[in-house]
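**Q**
Chains as they are written, first to last, in this note's numbering: chain C, 3 to 166; chain P, 36 to 732.
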């Protein structure tokens with residue numbers, strides 16, 4: 003899939019594929035090239051003295067991967083994890099290293115081809131959702147999809163700031 | 036093509052750095068009185084392979100520079116040149132310079148040309164100063180050929196002039212060439228100064244009037260292109276030895292390669308700058324203007340963007356062979372087990388058990404030998420010290436002998452890399468502050484030459500590295516006074532010897548009366564301790580006033596595997612490093628005191644230790660034991676501080692592979708890393724000093 007996507011990008015650089023997922027009734031999207039894998043929720047090891055939205059650390063084939071609950075990250079209502087709860091494992095290219103971080107989402111929905119021109123800048127959504135972490139907004143029919151800037155959203159240094 | 040080559044660059048750089056190390060230690064080992072041929076050969080070979088490699092990869096500045104060194108070494112090897120201290124110093128300096136050049140190229144930085152030029156000049160001087168052989172000059176010249184010509188090609192000819200050393204072979208005149216005619220042509224290009232060297236002229240009876248015995252040192256000034264000069268000498272190129280350099284402060288040169296020359300043919304071209312040595316040479320001026328072009332600075336002509344941080348390791352083939360053997364055994368065990376499993380019946384149970392035992396043994400052996408691959412002898416670190424001591428003792432005017440022992444002690448590669456800087460700092464301190472001046476030593480009844488020992492050995496699961504000097508030792512009174520002055524301790528504080536010595540680890544603590552550029556600014560010892568602690572080690576000082584000091588560094592053998600004790604706190608499992616555990620005990624309330632109603636302490640024999648409640652500082656809600664009598668107290672020590680960790684239960688001891696939490700997340704206070712347990716779940720490894728800090732908040 004990654005290859006197809008790269009080919010698609012080479013032909014039509016103005017479109018990018020986004021993986022969309024659900025949190026409560028809202029839809030979010032993130033660049034599919036950053037997605038490493040999607041797996042079901044399984045219990046993780048808690049890391050002490052970290053913000054609540056860091057659920058803990060998971061053993062991903064030998065690597066220790068922190069798991070972030072996006073609902074809690076965005077200050078939404080907590081729900082119990084169900085069999086459809088997914089963990090989207092992302093690989094973020096930081097300045098130097100490849101960071102691997104998992105996010106917990108209610109469910110994944112589709113993969114969309116989104117033309118760059120169709121991405122609107124993020125509106126001011128008030129205090130509930132910080133638009134700093136938004137790449138933009140995309141309207142798919144009647145559905146509004148928030149495109150996340152995961153590099154910013156999942157920066158461990160930002161977590162530190164939040165704890166303060 | 037360039038991409039193909041680039042993949043070998045890393046190997047080249049590694050080999051070159053190894054070569055440089057070999058050259059350095061070889062140079063330091065050279066005994067001037069009794070020269071070991073083999074030693075020079077080693078140095079020469081190292082230089083030669085660096086030259087060859089850099090030439091292959093197109094790092095011409097490096098190959099050219101090395102070529103000059105090689106020439107000098109070659110002469111030493113052949114016994115044509117005396118080995119002098121100055122020559123060795125120049126060569127050592129050049130090794131440093133070469134190392135810098137290589138580092139710069141490796142990292143894609145600009146090569147510091149002026150520095151390179153400086154060293155080249157020193158080599159140049161060394162070559163010219165003591166030898167009367169022209170090929171040296173020529174070779175030096177050759178060295179910068181490429182830089183210069185590429186520069187000339189790029190920027191046009193902007194030189195202020197050329198310096199030409201021209202020494203025709205004896206038969207030059209027979210080929211129909213006339214130097215005088217060539218000089219006339221040169222004169223047309225610009226201002227020409229020619230100095231003739233008569234040194235090669237034999238006595239009258241030996242003189243063959245048809246041979247050319249003269250050589251010249253020419254300086255021509257003006258904006259002249261290299262091609263124009265070359266044109267003039269075109270016909271004599273093969274019949275002379277010649278070096279062409281740009282007229283600068285002796286920095287940049289360019290030259291024409293000519294065929295090799297036997298020494299007796301060319302001993303006529305002594306550099307004009309050594310008039311004392313030449314037989315009454317009279318400068319024969321055609322015209323005289325003195326000018327030195329200071330400007331032309333060749334640019335670094337090769338830039339190789341090299342990503343940092345990739346590292347590799349050289350492994351003894353024997354180690355690899357062992358590994359392959361073990362993998363072979365593992366495969367056999369595996370096939371045996373699969374045979375058992377294919378058609379399993381209860382009577383094969385014994386066979387299955389045996390197989391699993393064997394598998395366990397194979398795994399353990401495999402693990403050991405894989406870890407062994409990461410082990411390097413500590414001599415990788417120690418080898419730089421002879422040089423350091425050599426340089427520093429000269430600088431400090433002290434007589435110091437360095438003794439190494441246990442160089443073959445093996446440590447993890449990471450430890451080797453990280454221990455080197457702290458160790459340098461400690462050795463510098465010993466040299467600067469520890470060892471006294473020779474006259475003071477004699478006055479104190481000690482041998483004039485001070486001794487610094489670097490020892491390495493294994494003790495338990497640790498490696499111990501000691502820096503021992505027989506210098507003046509630490510003065511407890513001075514340390515104490517200084518600490519009081521700095522407000523680190525109270526005036527009436529009672530300190531043990533150990534605590535007093537530990538004062539020097541405080542930032543900004545220096546008792547040196549005057550600062551030197553070697554040490555004494557009081558930064559450093561705190562950094563040293565921090566670095567060592569970050570490696571999971573500790574540092575201890577012993578000292579006796581007037582007798583010397585011993586600084587011992589204790590480090591874990593490896594950073595990748597740790598013996599751990601797993602403890603349970605509620606649903607959580609934590610790993611406590613076994614080395615930091617002193618004992619585990621049940622506690623009863625009568626042993627506990629509350630300090631200021633808050634901090635809990637308990638009495639362990641005659642010591643009062645703080646209690647760190649794990650479930651509280653890590654906010655574990657599922658903890659079963661909340662009252663002290665319900666759980667266990669694990670007494671741990673870290674950074675010289677002891678405390679009792681209150682946990683629900685002890686689970687078991689096991690070796691754990693340390694995984695970084697920081698790789699994907701960040702540092703968490705109180706936790707040094709994570710590991711994966713047998714059931715695949717993650718467990719966090721406790722950082723004892725961090726926990727102590729946390730509990731003090």
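Just so you know, even glycine gets a beta-carbon here, dropped at the ideal spot from N, CA and C.
1) Examine the Cβ distances between the region 276-283 of chain P and the region 236-243 of chain P and report whether three or more of them are shorter than 8 Å.
2) Decide yes or no for the touch test of the region 567-575 of chain P against the region 584-591 of chain P: beta carbon pairs closer than 8 Å, at least 3 of them.
3) Using a Cβ-Cβ cutoff of less than 8 Å, which residues in the same chain neighbour residue 350/P once the five nearest sequence positions on both sides are dropped?
4) Would residue 56/C be called buried (16 or more neighbouring beta carbons within 10 Å of its own) or exposed?
5) Whole angstroms are fine: how far does the CA of residue 596/P sit from the CA of residue 480/P?
6) Determine the burial state of residue 2/C: buried for a count of at least 16 other Cβ atoms within 10 Å of its Cβ, exposed for fewer.
7) Given that residue 68/C touches chain P, what residues does it touch there, using C-beta distances under 7 Å?
8) If you pair each beta-carbon of the region 32-46 of chain C with each one of the region 656-664 of chain P, do three or more pairs fall below 8 Å?
9) Looking at residue 114/C and residue 152/C, is the spacing between their C-beta atoms short of 7 Å?
10) Going along chain P in order, which residues have a C-beta closer than 8 Å to the C-beta of residue 65/C?
11) When DSSP labels each residue in this structure, what does residue 276/P get in the three-state scheme?
12) Using 8 Å as the cut-off, can you tell me whether the region 93-107 of chain P makes contact with the region 121-130 of chain P, which would need three or more C-beta pairs spanning the two stretches below that distance?
13) What does a CB cutoff of less than 7 Å around residue 267/P pick up in its chain, not counting 5 residues either side in sequence?
14) In three-state DSSP terms, what is residue 254/P?
15) If you follow the beta strand (DSSP E) that residue 591/P is part of, which residue opens it and which one closes it?
16) In chain P, which residues lie less than 8 Å from residue 49/C when you measure between Cβ atoms?
17) For chain C, check one thing: does any of its Cβ atoms lie closer than 7 Å to the Cβ of residue 709/P?
18) Excluding sequence positions up to five away, which residues of its chain have a Cβ less than 6 Å from the Cβ of residue 203/P?
19) Is the beta carbon of residue 726/P sitting closer than 7 Å to the one on residue 647/P?
20) My understanding is that residue 106/C touches residue 72/C, with C-beta atoms under 8 Å, so please give their C-beta distance in whole angstroms.
21) The beta strand (DSSP E) that contains residue 649/P, what's its start and end?
22) How about residue 505/P and residue 583/P: are their beta carbons less than 7 Å apart?
23) Starting from residue 138/P, trace the alpha helix (DSSP H) both ways and give me its first and last residue.
24) By DSSP, does residue 41/P sit in helix, in strand, or in coil?
25) Taking 6 Å as the line, does the beta carbon of residue 677/P fall inside it for any heavy atom of the ligand SAH?
26) Any idea what DSSP makes of residue 198/P, helix, strand or coil?
27) Which chain P residues are close to residue 102/C, counting only those with a beta carbon under 7 Å from its beta carbon?
28) Check residue 397/P in the structure and name its three-state DSSP category.
29) From the DSSP output, in three-state form, read off residue 112/P for me.
30) With three or more beta-carbon pairs closer than 8 Å as the criterion, would you say the region 430-442 of chain P touches the region 533-543 of chain P?
31) Using the C-alpha atoms, what's the distance from residue 148/C back to residue 21/C?
32) Does the beta-carbon of residue 86/P have 16 or more other beta-carbons within 10 angstroms, so that it is buried, or is it exposed?
33) So, at 6 Å on beta carbons, what are the nonlocal neighbours of residue 539/P in its own chain, with the 5 sequence-adjacent residues on each side left out?
34) Would you tell me roughly how many angstroms separate the C-alpha atoms of residue 236/P and residue 136/P, rounded to the nearest one?
35) DSSP three-state call for residue 439/P: helix, strand or coil?
36) Compare the C-beta of residue 157/C against all C-beta atoms of chain P and say whether one is closer than 7 Å.
**A** Answer, in terms of the structure:
1) no
2) yes
3) 408
4) buried
5) 49 Å
6) Here chain C has residues from 3 to 166 only, and residue 2/C is not among them.
7) 699, 700
8) no
9) no
10) 694, 698, 699
11) strand
12) yes
13) 217, 220, 221
14) strand
15) 583-591
16) 696, 700, 703, 706, 719
17) yes
18) 247, 275
19) yes
20) 6 Å
21) Element bounds for residue 649/P: not the beta strand (DSSP E) but the alpha helix (DSSP H), 649-652.
22) yes
23) 120-141
24) helix
25) With respect to the ligand SAH, the structure offers nothing, as it holds no ligand at all.
26) strand
27) 699
28) helix
29) helix
30) no
31) 11 Å
32) buried
33) 560
34) 42 Å
35) strand
36) no
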